[in-house]
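*Asks:*
Numbering (my numbering), first residue to last: 20 to 357.
This is the structure in structure tokens:
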């Protein structure tokens, strides 16, 4: 896409959809009239410099200027709002779940505890969204009123030049890494790590010792906790890699060749650690295995074979999903450059 097309797109994308085509044709005609018969890239830049910042030009094309957040600061407003909401949600929800899991009292039914956490998370989510939206909007309303309405300039910290158009990129949706994906990745990492390190409280054989969720209690844990803790360094390393990689994805913003390569490396490391842990039969509590298999009327002589089939079957499914993710991300980056 040449500078003229990028410039026109930067103007029209800020206008109502019904006006875009007409203004695009008008603007293209204006630019062509201003150019000499045989023009160079420098001639194009001079014309675009004369027309000025596309944000300012879009502001002039607006028929009705009835808005709280206008086009001059709208892009900055949306970007700040996204970052503020993302950071607030990550910090708020992770602090609730991690602190809740760590301070969980085993006297409280697990089902009731999880329900309580979900309710608390929803309330916190709504509160955070409301407060962030309110304060960011108030700040930008103030900023826009400070700007001279006759000479609106976007808050970019420097004078606009046509060279800024070369920095404009619009990646296809499949190549973009959304903040939602990053948020859930961080949330999932914190959740599984917290649950794993507190597995005796959450993972195991549950029995009803009363009525409803309040009566649901864990009677036999899934893992032998002491054996599980011998893998703590590997688990912590895995968490650190996952968090670091997730933050890196947020910074890059799209699936480049490098990001895809790191994603594949992450899955390989995860698979190796998973297989090492699962290959240790002492990791699982024998009492849990017996309770589970007896509930399905499995012959006691086949407990070991059946349990190994279940464990490696689940591991196989996880590995298949990892391979699918690697392939999917590779396809997303095929024409994307680092």
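The beta-carbon is built from N, C-alpha and C at its ideal position, and this holds for glycine as well.
Report the rounded CA-to-CA distance for residue 255 versus residue 323, giving the unit in angstroms.
*Replies:* Looking at the two C-alpha atoms, the distance is approximately 30 Å.
*Asks:* Kindly give me the distance between the Cβ atoms of residue 53 and residue 69, rounded to whole angstroms, as I take these residues to be in contact under 8 Å.
*Replies:* Correct: roughly 7 Å between the Cβ atoms.
*Asks:* Taking a contact to mean a Cβ-Cβ separation below 9 Å, would you say residue 259 touches residue 113 in this structure?
*Replies:* The answer is no: Cβ separation not under 9 Å.
*Asks:* Residues in the same chain with beta-carbon distance under 7 Å from residue 204, minus the five sequence neighbours each way, listed in chain order, please.
*Replies:* Excluding residues within five positions, the ones whose Cβ falls inside 7 Å are 265.
*Asks:* Rounded to whole angstroms, what is the Cα-Cα separation between residue 22 and residue 36?
*Replies:* Between residue 22 and residue 36, the C-alpha separation is close to 22 Å.
*Asks:* Indicate the three-state DSSP secondary structure (helix, strand or coil) for residue 197 in the structure shown.
*Replies:* Here residue 197 sits in coil by DSSP.
*Asks:* Note the first and the last residue of the continuous beta strand (DSSP E) segment covering residue 225.
*Replies:* Residues 223-227.
*Asks:* Would you decide whether residue 223 is buried or exposed? Buried here means 16 or more other CB atoms lie within 10 Å of its CB.
*Replies:* Residue 223 is buried by the Cβ-count criterion.
*Asks:* So, with DSSP's three-state summary, where would you put residue 47?
*Replies:* The answer is helix: DSSP assigns residue 47 an H, G or I state.
*Asks:* Quick check: the stretch 290-301 against the stretch 271-278, are there 3 or more CB pairs under 8 Å?
*Replies:* No, the stretch 290-301 does not touch the stretch 271-278.
*Asks:* Under the three-state reduction of DSSP, which class applies to residue 55: helix, strand or coil?
*Replies:* Residue 55: coil per DSSP, three-state reduction.
*Asks:* How close, in whole Å, do the beta carbons of residue 274 and residue 196 come, if the pair is a contact with beta carbons under 8 Å?
*Replies:* Going by Cβ atoms, the distance from residue 274 to residue 196 rounds to 6 Å, so yes, they are a contact pair.
*Asks:* DSSP on residue 75, reduced to helix/strand/coil?
*Replies:* DSSP places residue 75 in helix when its eight states are reduced to three.
*Asks:* For residue 118, which of 32, 139, 302, 325 has the nearest alpha-carbon?
*Replies:* Checked all of 32, 139, 302, 325; the closest Cα to residue 118 is 139.
*Asks:* Hey, how far is the Cα of residue 29 from the Cα of residue 71?
*Replies:* Straight-line Cα distance between these residues: approximately 12 Å.
*Asks:* If you run the structure through DSSP and keep just helix, strand and coil, what is residue 317?
*Replies:* Looking at residue 317 - three-state DSSP - the assignment turns out to be coil, as it is neither helix nor strand.
*Asks:* Answer yes or no: the CB of residue 268 versus the heavy atoms of the ligand NAD, is any distance below 8 Å?
*Replies:* Absent from the structure shown: the ligand NAD. Ligands present: none.
*Asks:* Is it buried or exposed, residue 320, if we count other Cβ atoms within 10 angstroms and call 16 or more buried?
*Replies:* By the neighbour-count rule (16 or more Cβ atoms within 10 Å), residue 320 is not buried but exposed.
*Asks:* For my contact list, residue 348 and residue 304 are in at a C-beta cut-off of 8 Å; report their separation, rounded to the angstrom.
*Replies:* Going by Cβ atoms, the distance from residue 348 to residue 304 rounds to 36 Å, so no, they are not a contact pair.
*Asks:* Hey, how far is the Cα of residue 135 from the Cα of residue 244?
*Replies:* Answer to the nearest angstrom: the Cα atoms are 26 Å apart.
*Asks:* With DSSP as the reference, identify every bridge partner of residue 239, one or two as the case may be.
*Replies:* Answer is 224, bridged to residue 239.
*Asks:* What does residue 273 pair with, by DSSP beta-bridge criteria?
*Replies:* 195.
*Asks:* According to DSSP, which residues form a beta bridge with residue 303?
*Replies:* Answer is 242, bridged to residue 303.
*Asks:* With a 10 Å radius around its C-beta and 16 neighbouring C-beta atoms as the bar for buried, classify residue 261 as buried or exposed.
*Replies:* With 16 or more other Cβ atoms within 10 Å, it is buried.
*Asks:* So, at 8 Å on beta carbons, what are the nonlocal neighbours of residue 267 in its own chain, with the 5 sequence-adjacent residues on each side left out?
*Replies:* Cβ neighbours of residue 267 beyond the five flanking positions: 278, 281.
*Asks:* Here's a check: name, in chain order, each residue in its chain whose Cβ is nearer than 7 Å to the Cβ of residue 10, leaving out the five neighbours to either side.
*Replies:* Lying before the first or after the last residue shown, residue 10 is absent from the chain, which here runs from 20 to 357.
*Asks:* How do the stretch 99-107 and the stretch 143-151 stand: do at least 3 beta-carbon pairs fall below 8 Å, yes or no?
*Replies:* Yes, the stretch 99-107 is in contact with the stretch 143-151.
*Asks:* Who are the Cβ neighbours of residue 246 in its own chain at under 6 Å, not counting the five residues just before and after it?
*Replies:* So the qualifying residues of the chain are 301, 302.
*Asks:* Rounding to the nearest angstrom, what Cα-Cα distance links residue 26 and residue 98 in this structure?
*Replies:* Those two C-alpha atoms are separated by around 20 Å.
*Asks:* Measure the alpha-carbon distance for residue 318 versus residue 352 and round it to whole angstroms.
*Replies:* When rounded, the distance between both Cα atoms is 50 Å.
*Asks:* Suppose the cutoff is 8 Å on Cβ atoms and the five residues either side in sequence are ignored; what does the same chain contact list for residue 80 look like?
*Replies:* Same-chain partners within the cutoff: 30, 34, 38, 42.
*Asks:* Candidates 67, 58, 59: which alpha carbon is nearest residue 24's?
*Replies:* Nearest of 67, 58, 59 to residue 24, Cα basis: 67.
*Asks:* Compare the C-alpha of residue 15 against each of 335, 181, 111, 216 and name the closest.
*Replies:* Limits of the chain in this structure are 20 at one end and 357 at the other, which puts residue 15 out of reach.
*Asks:* Residue 34 by DSSP, collapsed to three states: which one?
*Replies:* DSSP places residue 34 in coil when its eight states are reduced to three.
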